[in-house]
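Shown next, in structure tokens, is the structure this report addresses.
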Amino acid sequence: MSPGGLPLSKRSAGPLITALADGAAGVSGRRNQLLHAVLGRIRGGALAPGARLPSARQLARDWGVARGVVDDVFAQLQDDGWIHRRVGDGSYVAATLPAPPAPAPALPERGPNDAARRVLSHFAPVMAQSRRFELPRQLFHPPVLHPRGWPVDDFPLERWRRLVAASLAEEWRDHLGYGPAEGLPALREAIARHLAMTRSVRCSAEQVIVVNSPLQALETIARVLLQPGDRVWVEDPGHPSLPLLLEMLHTQAIGVPLDDEGFDVAHAQQRAPDAVLAYLHPLTQYPLGVPTSSARGDALLQWAERRGGWIVEGCFNDELVHRGPAPPALHTRDRAGRVLLMGTFEGVLFPALRLAYLVVPPRLVDVFVAARGLLGDHSPVTMQLALAGFIDGGHLSAHLRLLRERIGARRDALRQAVRRWLPAAAILSRTDTGLHACVHLPPDWPDTEVVHALRARGIGGEALSSRCWQVRDRNGLVIGYGADPPERITAAVRTLGEVLQAMPVPADAGSG
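Going from the sequence shown to the working numbering is simple: count from 1 and add 94.
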């Protein structure tokens, strides 16, 4: 007898089963839900072999069903070998449970395509590095000499803050929606005026389409103008994300080398005479810094007109010219309407702005606006209003004048430090424009080893060989001078010199 005076076999109604088991929530009908709930407890081990189940009366009360429903469930469980019932004693989990059913034949899994896997392979080191960051300051402030170091400390943040606040004033409440797919008219007009002043570009505001980034602009271009399998000329070396994006869009990137005159059009025609689009940065090329000559630009325009092809002219940091005025854009010499101009403000303002632009020929405006609307990723209206005010208020022009002065001083410090601290075998590229430079190294000094040694000393830089797509004979260090004061740049270059001095003597050091 139990302390309560009841027979031991009757002292418990078994454990409570009041919640649905995994997989039972989507089952319709209380009878089937109860069946899955009991099976779930048995299969999951909560009801072990030999364990007593709640009484049919208790389960009927807990689940709000008729006693007959519970009896029917227990009968099915007994028929299937999950429980056995003892008359006058109760129901128990079977000592030996049925074998689980054989799994259905697995269908072949369709995973990411080859292009997507190559993208993952390329960006995996960057993703792993960013996941280790704990402090936002570490993530957003690259180390000295890093080519992605932007002059954000020089940006007039207080003035920008007032413009953003003004764009959120009550009078702009009706601008809290998505806004036009092609961008706000005020910003498109401001960008058209800015391009006319800085690069002599003549275009209407209707030709300007506001996008979130250059890669988004390129994706739109590919979806409108390219077919699967089309071949595209791209600078090599260049931005590594570009050919990867083209591959994901089912086109083929053909690397075009650069020489002292920039984009080698003749070599491009030999490698891929059937190409339908060329993408290049004629003025501020990354990472070599070599501008494309006027003669090469004319040859490219002739190719586009003759072939019926397209030219995408990238304008990134082209406002920062350190020697003389900026030459007119290639777009200004386009008489056949084959050039699309693409640019961004991230280098001269700040990357988090996420506003860029695309200038298309007049006959393509409607189709590009329609495609932009279809993709649906409209640019933030508040930021567009603030940027339009920043340009029209003269703040961008004033900021560019300040940047040219300060970055010019940083460039001079870099050049002087290279002459003083680097071995003669390290050759500095042209630094006429932009925020970055390339230090060419002899083959005996692998650029990946140099980058590794610099990172151990807290100094940035990228291996030139890692910026190559199909070209294989480039070896150097890509560095930036836009974000740090001259004294930090000088100290970092001195450390770079120490790293290079520790490298083996180049094989041709004594030749000549």
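Where is the CB? At the ideal position from N, CA and C, for every residue including glycine.
{"Query": "Does the beta-carbon distance from P421 to R561 come in below 7 Å?", "Result": "no"}
{"Query": "Indicate whether G383 and S473 have their beta-carbon atoms separated by less than 7 Å.", "Result": "no"}
{"Query": "Buried or exposed: A531, going by 16 or more other Cβ atoms within 10 Å of its Cβ?", "Result": "buried"}
{"Query": "With a CB to CB cut of under 6 Å and the five nearest residues on each side skipped, what residues in its chain are close to R588?", "Result": "W515"}
{"Query": "Note down, in chain order, each residue of its chain lying with its Cβ closer than 6 Å to the Cβ of A286, except the 5 sequence neighbours on either side.", "Result": "C297, A299, V302"}
{"Query": "In or out: P237 buried (at least 16 other Cβ within 10 Å) or exposed?", "Result": "buried"}
{"Query": "Quick one: Cα of K104 to Cα of D183, how far?", "Result": "Confidence in K104 is poor, its pLDDT being 42 and thus under 50, which makes the residue's placement unreliable; the coordinate value appears in the next sentence. Distance between the alpha carbons of K104 and D183: 8 Å."}
{"Query": "Taking the beta carbon of W327 as the centre, do at least 16 other beta carbons fall within 10 Å, making it buried, or is it exposed?", "Result": "buried"}
{"Query": "Using alpha carbons as the reference points, say which of G528, L494, L449, V167 lies closest to G123.", "Result": "V167"}
{"Query": "Counting C-beta neighbours from all protein chains within 10 Å, is the total for E313 16 or more, i.e. buried, or is it exposed?", "Result": "buried"}
{"Query": "With respect to the alpha helix (DSSP H) encompassing T292, which residues constitute its N-terminal and C-terminal limits?", "Result": "279-293"}
{"Query": "Counting C-beta neighbours from all protein chains within 10 Å, is the total for M291 16 or more, i.e. buried, or is it exposed?", "Result": "exposed"}
{"Query": "Can you list, in chain order, the residues of its chain with a C-beta nearer than 6 Å to that of P537? Leave out the 5 residues immediately preceding and following it.", "Result": "N569"}
{"Query": "V220 by DSSP, collapsed to three states: which one?", "Result": "Note that V220 has pLDDT 49, beneath the 50 cutoff, so the model's placement of it is unreliable and the number below is only indicative. Three-state DSSP puts V220 in a helix."}
{"Query": "Can the beta-carbon of R161 be found closer than 7 Å to that of A154?", "Result": "yes"}
{"Query": "Helix, strand or coil for D174? Go by DSSP, reduced to three states.", "Result": "coil"}
{"Query": "Taking DSSP as the reference, what is the three-state secondary structure of V328?", "Result": "strand"}
{"Query": "With a Cβ-Cβ cutoff of 7 Å, do E407 and L394 count as a contact?", "Result": "no"}
{"Query": "Looking at the strands, I want to know which residues DSSP matches up with D353.", "Result": "G356"}
{"Query": "Could you name the residues that DSSP lists as bridge partners for M436?", "Result": "G408, L452"}
{"Query": "Starting from G574, trace the beta strand (DSSP E) in both directions and tell me its first and last residue.", "Result": "570-574"}
{"Query": "In the segment 523-566, which residue ranges form an unbroken alpha helix (DSSP H) of at least 4 residues, counting only runs that do not cross its ends?", "Result": "541-550"}
{"Query": "Going by Cα to Cα distance, which pick from F249, L141, L133 is closest to H493?", "Result": "F249"}
{"Query": "Cβ of R125 within 7 Å of Cβ of V163?", "Result": "yes"}
{"Query": "Per DSSP, L374 is paired with what?", "Result": "E407"}
{"Query": "Helix, strand or coil, according to DSSP, for V181 in the structure here?", "Result": "coil"}
{"Query": "Measure the C-alpha to C-alpha separation of D174 and P192 and round it to an integer number of angstroms.", "Result": "8 Å"}
{"Query": "Roughly how many whole angstroms lie between the Cα atoms of V475 and L449?", "Result": "10 Å"}
{"Query": "First and last residue of the alpha helix (DSSP H) that includes V459?", "Result": "459-469"}
{"Query": "With DSSP as the reference, please indicate the residues paired to A347 in a beta bridge.", "Result": "V326"}
{"Query": "Rounded to whole angstroms, what is the Cα-Cα separation between V545 and H269?", "Result": "47 Å"}
{"Query": "Pull the bridge partners of Y186 from the DSSP assignment, please.", "Result": "R146, H178"}
{"Query": "Looking only at DSSP bridge pairs, what is V302 linked to?", "Result": "V453"}
{"Query": "Evaluate R293 with the Cβ neighbour count: other Cβ atoms within 10 Å of its Cβ, from every protein chain shown; 16 or more gives buried, anything less gives exposed.", "Result": "buried"}
{"Query": "Between V454, R179, Q170, which lies nearest to P148 when the distance is taken from Cα to Cα?", "Result": "R179"}
{"Query": "In the DSSP assignment, find the alpha helix (DSSP H) that holds A585 and state where it starts and stops.", "Result": "580-595"}
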